[in-house]
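Chemist: Handing you a structure now.
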Amino acid sequence: HLTKMASTFSCLFPRRIGWRIVNGGVRISSYALVHERHGQPENVVMLQERQLPSLGPQDILVDFMYSPINPADINKIQGTYAEKPALPAVCGNEGVARVREVGGAVQDLKPGDLVIPAVTGIGTWQTKAVFPSSSLTKISSQVPLQMASMLLVNPTTAYRMLKDFVHLKEGDCVIQNGANSAVGQFVIQLSAKWNITTINIVRERPNIEELVSQMIKLGASTVVMDTQLSREHMDPIFKEFGTPSLGFNCVGGKATTDLIQLLKPGATLVTYGGMSRKPLTIPTGSLIFSDIKFVGYWNSRWIQSNLNNVCYRNMIEELSDWAIARDLLPPPTAESDISTYQETLKRAMTSKSDVKQLFKLST
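Structure (structure tokens):
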């Protein structure tokens, strides 16, 4: 009967379901993007069929639905990220999955629940997986799936940077470079909800009018080009929106030096990325005379340190509620099947269209 059942499943469902007969019982396999060594993704990432382990009493079996490609995912594959997984490793830091089956001792999850990783690094570029229940967080089933798949990394980064470094009041001003990035777009949306003005710096590009229009619709107070940061150009903006007491940097190099000059005395600059791969150059006067504070933020470390704190749960619930109400929107996305991973990774690394690449892993 088991052989007949497995054969029936094989006929009715796509091959990725992966039902198999092993030692007289039905076992499930998954298709996963894996790297066994560090290097450029096009050279080291492979699509593999992997047999899943048996379900333990505290484990759950999930079907992944969507998983995005973030810069940190690429850096981990390359071996340049601070956090290096044990190899071989399933790629991917975040995603959304639906619970298929739970172990006998699992009490807080049931089949059909929607879950996201509790922490980054568990491996999300796979169709199915077995995890300890403690490594996943239940979210409302009403959260739109694409937004749910990217709830863990970028929105939480924006949330914590706005909350944790400067006590912002309504009407205060924040400035950021890389403002069209995923984090930047969530900074814009959250700031608009909290009545905080944002000055958003972007690079010149062919579709700049379309980009500016999109950012204004998200709630940006103003958008400026990185070639327009002279005091002559910025002073009227400061007069209208205020001088920023908080700045966010994800670029580095000259872009950061220019940003520092625009902060008010006593302001704080938070660095959370370095896309230019150039070091920060901090003017001496900004430290001595302007008393600018320079700090870094690593979202993975904050989540790991606060996973069991009520502030983590409250943040996820608040972001989920806004996503359900469509008050928090994902960046523009492009969906791809896992089988086309090579082209998808290439687009993620080379695309200048500001589109977030997303693996669609199941329906």
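With the first letter of the sequence shown counted as 1, position 318 gets the number 303 in the working numbering; the numbers rise by one all the way through. Beta carbons: idealized from backbone N, C-alpha and C, even for Gly.
1) Buried or exposed: GLN25, going by 16 or more other Cβ atoms within 10 Å of its Cβ?
2) Drop a sphere of 10 angstroms on the beta-carbon of GLN327, count the other beta-carbons inside from all chains shown, and report buried for 16 or more, exposed for fewer.
3) Going straight from the alpha carbon of SER14 to that of TRP110, what length do you get?
4) I believe PRO42 touches ALA114 by the beta-carbon criterion, under 8 Å. Please report the beta-carbon distance rounded to the nearest angstrom.
5) In angstroms, rounded to a whole number, what distance separates the CA positions of LEU248 and SER305?
6) Go ahead and label SER215 buried or exposed: buried means 16 or more other beta carbons lie within 10 angstroms of its beta carbon, across all protein chains shown.
7) With DSSP as the reference, label SER39 as helix, strand or coil.
8) Please give me, in chain order, every unbroken run of the alpha helix (DSSP H) with length at least 4 that falls completely inside the stretch 234 to 306.
9) So the candidates are ASP243, GLY258, ARG85 and GLY64; which of them puts its Cα closest to the Cα of ASN139?
10) Count the other C-beta atoms from every protein chain shown that fall within 10 angstroms of the C-beta of GLY281, then say buried if there are 16 or more, exposed otherwise.
11) ASP149: buried (16+ other C-beta within 10 angstroms of its C-beta) or exposed?
12) Note down the Cα distance separating THR318 from PRO56, rounded to an integer number of angstroms.
13) What's the call for LEU99, buried or exposed, on a 16-neighbour Cβ count within 10 Å?
14) Have a look at GLU195 and LEU40 and give me their C-alpha separation to the nearest angstrom.
15) Quick one: measure Cβ to Cβ for PHE49 and ALA74, integer angstroms, because I've assumed they're closer than 8 Å.
16) Candidates THR212, MET260, LEU32 and LEU203: which alpha carbon is nearest TYR16's?
17) Just list the beta strand (DSSP E) runs in the stretch 108 to 153, keeping only unbroken ones of 3 residues or longer that don't cross its boundaries, in chain order.
18) Report yes if the CB atom of ALA167 is closer than 8 Å to the CB atom of ASN185, and no otherwise.
19) Need the endpoints of the alpha helix (DSSP H) that VAL209 sits in, please.
20) Expressed to the nearest angstrom, what Euclidean distance is found between the alpha-carbon atoms of VAL47 and ARG35?
21) What's the C-alpha gap between ILE173 and ALA67?
22) Could you check where the alpha helix (DSSP H) with ASP157 kicks off and where it finishes?
23) Going along the chain, which residues of its own chain have a beta-carbon closer than 7 Å to the beta-carbon of VAL84, five neighbours each way excluded?
24) Can you look up LYS331 in the DSSP assignment and give me helix, strand or coil?
25) So the candidates are GLY88, PRO316 and VAL30; which of them puts its Cα closest to the Cα of GLN63?
26) Leaving out five residues before and five after SER261 in sequence, what residues of the same chain have Cβ atoms less than 7 Å from its Cβ?
27) Apart from the five residues just before and just after LYS123, which ones in its own chain have a Cβ nearer than 8 Å to its Cβ?
28) Assign GLU189 to one of three DSSP states: helix, strand, or coil.
29) Give me the Cβ distance between ASN234 and THR142, rounded to the nearest whole Å; I'm assuming they're in contact under 8 Å.
30) Can you tell me which of the three DSSP states SER308 falls into?
31) Return the CA-CA distance between LEU254 and HIS152, expressed in angstroms with no decimal places.
32) Just verifying my parser: in three-state terms, what is the DSSP assignment at SER324?
33) Kindly give me the distance between the Cβ atoms of ALA333 and ILE59, rounded to whole angstroms, as I take these residues to be in contact under 8 Å.
Modeler: Taking the geometry as given:
1) exposed
2) exposed
3) 14 Å
4) Between ALA114 and PRO42 the Cβ distance is about 17 Å, and since that is not below 8 Å, they are no contact.
5) 32 Å
6) exposed
7) coil
8) 239 to 245, 269 to 273 and 284 to 291
9) GLY258
10) exposed
11) exposed
12) 15 Å
13) buried
14) 49 Å
15) Contact doesn't hold; Cβ gap of about 16 Å is too wide.
16) LEU32
17) 113 to 117 and 121 to 124
18) no
19) It is not in any alpha helix (DSSP H) - VAL209 instead sits in the beta strand (DSSP E) that spans 207 to 210.
20) 14 Å
21) 27 Å
22) Note, ASP157: premise wrong, no alpha helix (DSSP H); not H, not E.
23) ILE45, VAL47, LEU94, LYS95, PRO96, GLY97, ASP98 and VAL100
24) In this structure, LYS331 counts as helix in the three-state DSSP scheme.
25) The residue from GLY88, PRO316 and VAL30 with its alpha-carbon nearest to that of GLN63 is VAL30.
26) VAL236, GLY237, GLY238 and ALA240
27) Around LYS123, the same chain offers ASP93, LEU94, ASP98, LEU99 and VAL100 as residues with beta carbons nearer than 8 Å, after the five sequence neighbours per side are excluded.
28) coil
29) Contact between ASN234 and THR142 is ruled out by a C-beta separation of about 13 Å, above the 8 Å threshold.
30) In the sequence under discussion, the amino acid at residue 308 is Ala, which differs from the Ser named in the question. Helix at ALA308.
31) 14 Å
32) helix
33) Contact flag correct, Cβ pair sits at about 7 Å.
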